[in-house]
Structure formats: structure tokens, C-alpha cells
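J.: Using the numbering used here, the first residue of the sequence shown is number 70, and each one after it goes up by one. Got a structure for you, questions after.
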Amino acid sequence: MRASLPTKKLTVLALFTALSLAIYAAECALPPLLPLPGMKLGLANIITLLLLRHYTLKETSLVLLARILLSALLFGQAVSLLYSLAGGIFSLLFMYLVNRLTGSRFPFLTGAFGCLTHNMGQLLTAFLLTRTPGVFAYLPFLLLCGILTGLFTGFAALFAERLIAPHLP
Numbered sequence: 070m071r072a073s074l075p076t077k078k079l080t081v082l083a084l085f086t087a088l089s090l091a092i093y094a095a096e097c098a099l100p101p102l103l104p105l106p107g108m109k110l111g112l113a114n115i116i117t118l119l120l121l122r123h124y125t126l127k128e129t130s131l132v133l134l135a136r137i138l139l140s141a142l143l144f145g146q147a148v149s150l151l152y153s154l155a156g157g158i159f160s161l162l163f164m165y166l167v168n169r170l171t172g173s174r175f176p177f178l179t180g181a182f183g184c185l186t187h188n189m190g191q192l193l194t195a196f197l198l199t200r201t202p203g204v205f206a207y208l209p210f211l212l213l214c215g216i217l218t219g220l221f222t223g224f225a226a227l228f229a230e231r232l233i234a235p236h237l238p
């Protein structure tokens with residue numbers, strides 16, 4: 070028989086999924102920060118950063134994948150699902166590694182690297198879908214914006230953790 074998540078932990082992870090989806094929906098309603106296609110702060114990543122510090126990679130993955138699938142279903146298109154999955158998986162794996170290497174002491178650094186790899190995963194997906202090398206001309210803008218937005222979400226996660234962590238199971 071397979072071991073399942075305890076009910077309390079499953080409930081908390083479901084709440085984190087709902088919270089990250091609500092943050093994503095709110096961010097979709099905001100006007101773009103820059104006139105660059107697809108450029109967003111990635112505020113839902115705050116939840117991923119929190120989960121990486123307090124839960125396992127498997128549990129964090131479940132929340133991230135649920136948010137990506139639900140957000141594509143509710144707010145996106147079929148193609149956006151591919152970009153989100155590629156960016157999300159690249160980002161999660163790299164953030165996990167950075168988190169482990171730094172002893173999870175620097176969520177702002179983890180956030181910056183996560184955003185960079187998210188952007189790279191999406192660019193790689195765009196290239197694979199379109200077979201257009203010109204998509205890589207977008208890379209310098211994505212790198213700069215990725216560092217800034219990743220640092221921001223990392224600091225936001227650190228702030229949110231002070232409020233939320235004492236109440237986690």
C-alpha cells in the first residue's frame with residue numbers, strides 16, 4: 070500500500086496551491102511592467118520559494134504543477150501550458166539545487182536563479198516550437214529582468230516567511 074500525505078499536510082499544500090493561484094490571477098490583472106511580451110514579476114513564485122524552505126521537493130512540485138495546470142486551464146491557452154511547464158520545471162529544479170547549496174539561507178539568491186532558469190526554459194521552448202534562433206535575441210532583456218524580478222520575489226518570500234512560517238505544520 071502506498072503511503073499518502075497526512076491530511077493536515079495535504080490541506081496546507083492545497084491552501085498553498087490556492088494561494089499561489091490567487092496571486093497568479095491578481096498578477097494577470099495588473100498592467101504590464103514593461104512593454105516586453107510575457108514580462109511579469111512572477112509573484113506566485115513566492116509560494117514556491119516558501120515551500121522549498123519548509124517542504125520536500127516532491128511536495129513543492131505537486132503545488133507548482135497544480136498551479137501551472139490550473140492557471141493554464143483558467144487563464145491561459147494550450148501553448149501557454151507548454152511554456153509554463155518548461156519554465157516551472159527548469160526553475161524548480163535549479164532553485165532546489167541553489168537552496169540546497171546555500172543551506173536555504175538566501176531565498177533572494179534562489180529567487181534570482183529560479184527566475185533566470187524559468188526564462189531560459191521558456192526561451193528554449195519557444196525555440197523548439199518555432200525553430201527560430203531569433204528568439205534568443207530576447208535573452209539579454211530576460212536575463213536583466215529575471216535577475217531583478219527574482220531578487221524581488223526572493224525578498225518578498227523572506228518577508229512572507231516571517232509571517233507564515235510560525236503557523237506551518
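All residues carry an ideal CB built from backbone N, CA and C; glycine is no exception. Source: prediction; values computed, not measured.
(1) Return the Cβ separation of residue 137 and residue 157 in integer angstroms, given the expectation that the two are a contact with Cβ distance under 8 Å.
(2) Using C-beta distances below 6 Å, list every residue in its chain close to residue 93, excluding the 5 sequence neighbours before and after it, in chain order.
(3) From which residue to which residue does the alpha helix (DSSP H) around residue 152 run?
(4) Decide if the stretch 78-90 is in contact with the stretch 118-138; the criterion is three or more beta carbon pairs, one per stretch, under 8 Å apart.
(5) Going by DSSP in three states, residue 109 sits in which element: helix, strand or coil?
(6) Check the C-beta distance from residue 180 over to residue 222 and give it rounded, since I have them as a contact under 8 Å.
(7) Quick check: the stretch 183-192 against the stretch 142-149, are there 3 or more CB pairs under 8 Å?
T.: In short, the structure shows the following:
(1) 5 Å
(2) 113 and 140
(3) In the DSSP assignment, residue 152 falls within the unbroken alpha helix (DSSP H) covering 147-170.
(4) yes
(5) coil
(6) 5 Å
(7) no
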